[in-house]
Amino acid sequence: MGEEIEQRFEKYCSEHKITGKEKEKLNVGLQELIKKSKFEPGEALGIVTAQSLSEPATQLTMRAYHFAGAAGIRMASGLPRLIELFDLRKNIDNVIIVYLAENKKEKAAKLASQIVESTLKNVISTISYDFATTSVEIELEKKDLNKLELTPEDIEKAICKSVKKYKISRKGEKISADGVQTYSDFRVLKDKLLNIYIKGIKGAKETIILNLNGNFVIHVRGGNFKKILSIEGVDTTKTKTTNIEETGDVLGIEAARTALVSEVMNTLSQQGVYVDPRYIGLVGDLMCLNGKVESIGRYGIMKHKNSVLARLNFEETIKILFNAAVLNKKDNLNTLMSNLMIGQVSSTGTGTVKLKWNL
Amino acid sequence: MPVEKVEFSLLSPAQIRKISVVEITRPELYDADGYPVEHGIVDPRMGVVDPGVRCRTCGGRLGECMGHFGYIELVKSVVHPVLAPKIYLLLQATCQKCGKVLAPKEITGLNNCAKNSPEKCPYCGEKQKKIKFEKPTTFYADKEKLNAEEVRENLEKIPDEDLEKLKFRGGRPEWMIITILPVPPLTMRPSIILETGERSEDDLTHKLVDIVRINERLKRILEIGAPDFLIDDIIELLQYHIATYIKNDLSNIPPARHRSGRALKTLAQRLTGKEGRFRFNLTGKRVNFSARSVVSPDNFIDINEVGVPQVIAEGLSIPELVTEQNIDEIRKSILSENKMRYIIRLDGLKKKVTEETKEIIAQELVPGYTIERRLRNGDWVIFNRQPSLHRMSMMGHKVRIMNGQTFRIHLCVTPPYNADFDGDEMNLHVPQNEEARAELKHLMNVNKHIRTPRYGLPIIGAKQDHIMGLYFLTKENIKLSKQEVSNLLFCLNIDIELDKESYTGKEIFSLLLPKKLNYRGKTKTGEEVIIEKGILKKGYIDVKAVGVEEGMLLDKIDLLYEGEEAAKFLNNLVRLSLLFMGKYSYTISLKDYTIDKESELEIEKSIDKKIKSWIKEEGDEESQANLEKVLKDIENVVRKKLSNNSSARIAAETGARGSLVSVAQIVGCIGQEKLKGEKITRGYYSRTLPHFDKEKLDAGAFGFVKNGYRKGISPTEFFFDAMHGREGLSDTALKTKHSGYLERRLVNSLHDIIIKKDRTVRNESNQIVQFVPFENDINPYRTSSGKISFEDLI
C-alpha cells in the first residue's frame, strides 16, 4: 500500500531538489495525510459504493446506442449499457474489437474477410431450377470466391455436407443438384442452400475496419470470441469483447473483472460522469467473488446471501419465505436489512461499537 | 434483550391447535342483533378491534391484546398451493411403498434426489409409478388422480433420517397437506365501519367465510352419503378456496373476486411487492418528531443551518434529562416562557405543562426527571430531500427559528440535496437522544460533507451570483473606500484595523482566506491564480476556485483545515459576494448578445455555405458532421468578437451560468436538432414534414435550424425544436424508472459489504471481498479526487 505515493514523493523530491531536513519534514506531513485518508473500520463501504454508482446513473442518457468512429458498428451506451453490464445480460449485441498483430491496412482487410461469416449467398451469381431435368443449378461468382480465397471444390464440399437428400455434382463454377421433384422442394432447397455456412466465424454478422489514431482495428458484431482469438494475425493481448461473461469464460475471471471495470468506467466517462474507479473496482470484485461473474440482482449476488430477511425483502418474497420454512433456515441478523426489519441497530458504522455509559 | 436470530419452519397441526383459542365452525359473522356469533369467523375470543371492549381470551383492551388464532378442522385434506411444487419433488424422490429416498446415497438435496430417482426402489423393489403434477394442486400417479389424503399417506411414509438427506428440515412433509387451517386473529383482519354505519369486512374474512361454508357443506354431504362425483366437486371447490385464500394470483386458476369484481388481496399479496408488509412496513418505518414543508433560499444563514418556522418549532420536542447542573435553568424556563411541553417523572408518568400547572410542576422537579422541551436555536436536526440518492441527501443542520412558513436553506447546500425552490418540499427529523445528537454534530454535519465521496471534490460550493460577485470583486481595478470596506467587514463579522484609505477587491477577498494558505490554480479561461500566505496575488476567483464539483481552492481549504474552516470560508464568501453585488451589480440585456454587423454577416455566410455543401445522400456521415461543425465556428466568432464586458460572456467564462455555445445559439443558429442522436428523418412519406418539396430536400428538411433564438425561428424549425424538447422530457421520465431499479438492486446487493475491525472488506457471510479497502486504503471522501497530493503541503 502507498507504494505509488512513495514513488511519486521520491520523484517529486529529486525534481525539486528537496533533501535533508526539509524532506523529512515533508515526509512526516505526507504520512500524516496518508493516515488521515484511511478508511475507518465499520464504514458501510457497500452502500457508499452503490450510491456513488447509481446517483450519477440518473444523469446518464437513455440513448441506447452510439457509433464508434464516424461510421462504426453501433454499441450500446448510457444507462442501458450500464444496466446491461450489471445485469450480465446474455443476449446482447456484443461487439468484438480485434487488434492486429501487424498494424497494416491490408492485413486488416484480409482478417476482416476471414472473420465475417460467409454463406453460400455471398458467392452465388445465379440459382435456377430446371423442370425438365429436375435439377437445380448454382452458378458461383468467381470474383467473390477469390476474395474469400475459396475454390469451387470447397463450396461443393460444404454443400455436400449439409444437403444429403440430393445428388450433388460440379462442373467448373457450376454446381447442380439432381432429383428435385417439385417446385416447392426447390424453394425449400434454395432457402437451405443460401444459408449454408462456408467460411468465417459463425455469428459474425458484420465487420468494420477503423483507424484509431493510426491503429487499425476491426469491429465485429456478433461471433465467437474464442474462435476469433485463435485466428492467426490477431493480437490476442489487446483484442477484447463487450460481453463480460464471454470474457470470463475465455480469458478467466481476472480478465472479466478488468473488462467489467473498464467497460463501466467508459460508459460513465462517455457521458461526462466521473466516479472514482475504485468504487467500480469493488463492484467488480464482488461480481467475481465466487470464481465466475455474477449479476447484480436476484439470480446473482442476491442468491448467495445467507440472510433470509434480506433476500425476501428484495424480490420473490413468497418463494424465499416458503423455501426457508422447508429448509428450516435461520437468519442470524448479521445484515443491515434484517436488523432494520426487526427494529435493532445493525453492526455498521457507529453500530459496531457500544457505549459504555448508558445515556 | 436483542433478538439474536429468526428461524423459519413449518407449522404442525398440533402446533396450530395449541396456538388456537377457538374452533371455527359457523360461516356467519353476526347474529340478528349485530353481535358476533360464537364459533363464527369473527368470534370475539380472537381479539378486539372495537374500542371499549375487552378481549374474551386475555382481557386486554384495544391496542393491548395482540389477538389470538382460531382454527378450522377441514373435513377433507387439501394441498398447500405454494408448497405443491415441493410436494411434487418429494413424491418423485421417495418410494411409493416404503417411503425411502430412491436416489443413491451420495446425492443430497431435494432437487437432486428428485432428478436422480431410479424406476425401481433399491430397498423394497417396488416399481415406481410415474408422478405427474398439474399446476397448481393436482397430482397424478400413472395418470390416476391422487387425492390429498393419498399424497399425505405417501409423505407420512418418509422416514426422518431420509428427510435429512433431502435437506428437508422445516418439519414433517405431511404438514404441507392442510388438515387444519389456522384462522388469523381479528386484529389482522379488522372490519371497518363505513359512514353509513354498515360493517365492511376484510378480504381475508370474506375468504374465510367461503372456506367455512364449503367445509360445513362437505361435512353434511358426507354424512348423508352423497354420490362420489358430488363430493369430488365440493372437495375441488374447497381446494380452490384455500388456494386463493393463501395466494390469489396463482397461475392456471382464476383469482377469487369481490362482489364488485375486484380481485381479493389475500395472504401472499399482503406480504409481497412494494406495498407489501416487508417492503412497506418492515423496511419502511414511519416516524414521529418530524416535519415537512416547502423550502426557500436564505443566503445569509450558515450552510449548516436550517431556518425553521416558528409554528413547526413549537410542535417538535426534545427530551432532556434534569440534572443538578441544569435544574435551576429548567425550572426558570418552565415558569417564564412556555418552552416546555411535557415532563416525565421518575416512574415514567407523563404530564403536560400548562399555564395552570406550571408552578406546581416547577416545584416538584427533581434531578432524574425528563423534560420535553420545544425546539430552540442551535438544536441539531436531520434535514432531507427525497429521492435520497446518496448519503448527502440527509445531513445534520442547526436549527434557526425564523418567521414565515417555509424551511430556509442556504443556496450552497442545494446541489447535494438536488433541491430548487420551485415548490420543493423537504423533511426535518429531530433526534431524541444524546447519542444521535452527537452523531449528527460530528458525522452528519453539513460542514463535514462539503466533499462528496463519489469523486472527492466539493459538492457544496458557490453558485451563480456568488461567483459573478467574486469575479467582479477580485478582478483588476476594483477599489473600495474605507467606509465601504468597513460596512462590508461589519456584516462579515471580521474585526481588523483599517489603516488605508482605499482597498482593492483582492485585498478584501484575502481577508477570508486562512493565513498560511498557498494556492496555485487556473481560472476557467486558463489564467493563473496565485495565493501566497493567504493573500490573493494574481488572478481572479471563479468556479474553478470555489464552484461546485470543480472548486479547487475550496477543496484545498477543506482538505488542509477540515470542514469547519471551509464552511466558514464559504459562509463569508457568499455574504461578501452578495453584499458587494448590492453595490456593483450587472444586468443582462439584448446588447450582451450583440456583435458587430460584419461578424454577423460572416456568421450568416458560413451557415449558408455549410447548408449548400450539405449532401442529402444516405449514410454520408461526413457532410452531416461538417454541417454540425457550424456551431463550433459560430462559437469561435463569438469568442473573438463579443465584447469583454458582455455580462453573458462573463457569466459563461467564469462558469457562473450558461456557456458560449448557448450564446452562439442565440447570436448565430441553433444547429442540428436531433432525435436519438441522429438527424430527424421520421415523419411523412419520403420527407419529415409536408411543408418540404420532395424533390428539393435541404438540410433544413432534416431538422437543421439555421436561425438563432434572437432572430427567431421558422414554424418548421420550431416544430423540430419541439420534437427534440419532447424527446428530452420523455427520456427523463423513462430514465428515473430504470435508474431507480438499478439503485435498488445495487443497494440490496451491496448493503452488507462492510469494512470490518481487521480492516478487510467482507460480506455478510464473512467472505473477504477486498483485503485492503479500495486496494490502497485511501478514502476518496478524504482526498482530492481520490489522490493524495503532498504538493499541497509545501
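Taken in order, these protein sequences are the chains called A and B. The numbering of the first sequence is this note's numbering, which starts it at 1 and goes up by one. The numbering of the second sequence is this note's numbering, which starts it at 1 and goes up by one. The beta carbon of each residue, even a glycine, is placed where N, CA and C say it ideally should be.
Buried or exposed (CB count within 10 angstroms, at least 16 for buried), residue i
i: N779/B; result: buried
i: H68/B; result: buried
i: V95/A; result: buried
i: C124/B; result: exposed
i: K17/A; result: exposed
i: D160/B; result: exposed
i: R199/B; result: exposed
i: N103/A; result: exposed
i: E564/B; result: exposed
Residue i versus residue j - alpha carbon distance
i: G276/B; j: N224/A; result: 44 Å
i: G703/B; j: I611/B; result: 12 Å
i: Y455/B; j: A57/A; result: 14 Å
i: S346/A; j: P2/B; result: 11 Å
i: L660/B; j: L631/B; result: 10 Å
i: M1/A; j: E775/B; result: Caution applies to M1/A, whose pLDDT of 46 falls short of 50 and renders its modelled position unreliable; the model cannot decide the point.
i: I478/B; j: P715/B; result: 47 Å
i: Q464/B; j: R657/B; result: 6 Å
i: E501/B; j: F472/B; result: 20 Å
i: N644/B; j: L573/B; result: 25 Å
i: I459/B; j: Y781/B; result: 11 Å
i: Y561/B; j: G521/B; result: 18 Å
i: E73/B; j: T179/B; result: 7 Å
i: N513/B; j: F569/B; result: Sequence check: residue 513/B is Leu here, not Asn. Going from the Cα of L513/B to the Cα of F569/B covers about 7 Å.
i: S388/B; j: M395/B; result: 11 Å
i: A243/B; j: V151/B; result: 17 Å
i: E232/A; j: P152/A; result: 24 Å
i: S77/B; j: A103/B; result: 29 Å
i: L321/A; j: K265/B; result: 18 Å
i: E598/B; j: V637/B; result: 11 Å
i: L240/A; j: F39/A; result: The displayed chain sequence assigns Lys, not Leu, to residue 240/A. Rounded to whole angstroms, K240/A to F39/A spans 35 Å at the Cα level.
Per-residue contacts from residue i into chain A (C-beta, under 9 Å)
i: G276/B; result: T317
i: S271/B; result: Inspection of the sequence shows that residue 271/B is occupied by Leu rather than by Ser. Correct list: L312, T317, I318, L321.
Whole-number beta carbon distance between residue j and residue i, since they are thought to touch under 8 Å
i: L440/B; j: I382/B; result: 7 Å
i: P184/B; j: L204/B; result: 6 Å
i: F769/B; j: D285/A; result: Note that residue 769/B is Val in the sequence shown here, rather than Phe. Sure, about 5 Å apart at Cβ, within 8 Å.
i: L140/A; j: V123/A; result: 6 Å
i: G170/B; j: V326/A; result: 5 Å
i: V180/A; j: V136/A; result: 5 Å
i: E800/B; j: I666/B; result: In the structure as shown, chain B begins at 1 and stops at 794. Residue 800/B is therefore absent and cannot be evaluated.
Contact set between residue i and chain B, taken where Cβ atoms lie within less than 8 Å
i: I34/A; result: I778, I788
i: M337/A; result: T283, N748, H751, D752
i: M341/A; result: F278, L282, T283
Proximal residues of chain A, C-beta to C-beta of residue i below 7 Å
i: G99/B; result: Per Cβ cutoff of 7 Å: no residues; G99/B is ~18 Å from chain A at best.
i: S765/B; result: N306
Neighbouring residues, chain B, relative to residue i (Cβ below 7 Å)
i: F314/A; result: N748
i: L79/A; result: K735, H738, S739
Within chain A, the residues that residue i reaches when beta carbons sit closer than 8 Å
i: I180/B; result: Chain A residues near I180/B: none, gap ~17 Å exceeds 8 Å.
Interface residues of chain C facing residue i [CB-CB closer than 7 Å]
i: K544/B; result: Looking at the structure shown, chain C is missing, and the protein chains on hand are A and B.
Neighbour list for residue i in chain B, Cβ cutoff strictly below 9 Å
i: K11/A; result: Chain B residues near K11/A: none, gap ~11 Å exceeds 9 Å.
Residues within the segment 140-172 of chain B neighbouring chain A, beta-carbon criterion of under 8 Å: K167, F168, R169, G170, G171
Residues from the segment 733-747 of chain B in contact with chain A, defined by Cβ distance under 9 Å: Residues L734, K735, T736, H738, S739, G740, Y741, L742, E743, R744, R745, L746, V747.
Interface residues of the segment 264-277 of chain A facing chain B [CB-CB below 7 Å]: Of all residues in the segment 264-277 of chain A, those with a C-beta nearer than 7 Å to a C-beta of chain B are Y274, V275, D276, reading in chain order.
Where the segment 57-86 of chain B meets chain A: residues whose CB sits under 8 Å from a CB there: Look at the segment 57-86 of chain B: the residues with a C-beta under 8 Å from a C-beta of chain A are V82, L83, K86.
Near-chain A residues of the segment 384-408 of chain B (beta-carbon distance less than 8 Å), N- to C-terminal order: L389, H390, R391
Residues in the segment 449-469 of chain B having any Cβ partner in chain A nearer than 9 Å: Taking 9 Å as the upper bound on Cβ-Cβ separation, chain A lies near residues T452, P453, R454, Y455, G456, L457 of the segment 449-469 of chain B.
Within 7 Å of chain B by C-beta, residues of the segment 88-100 of chain A in sequence order: none
Short-range partners of chain A found in the segment 429-442 of chain B, where Cβ spacing is below 7 Å: N433, E434, E435, E439
Residues, ordered as in the chain, of the segment 205-234 of chain B that lie near chain A by beta-carbon distance below 9 Å: none
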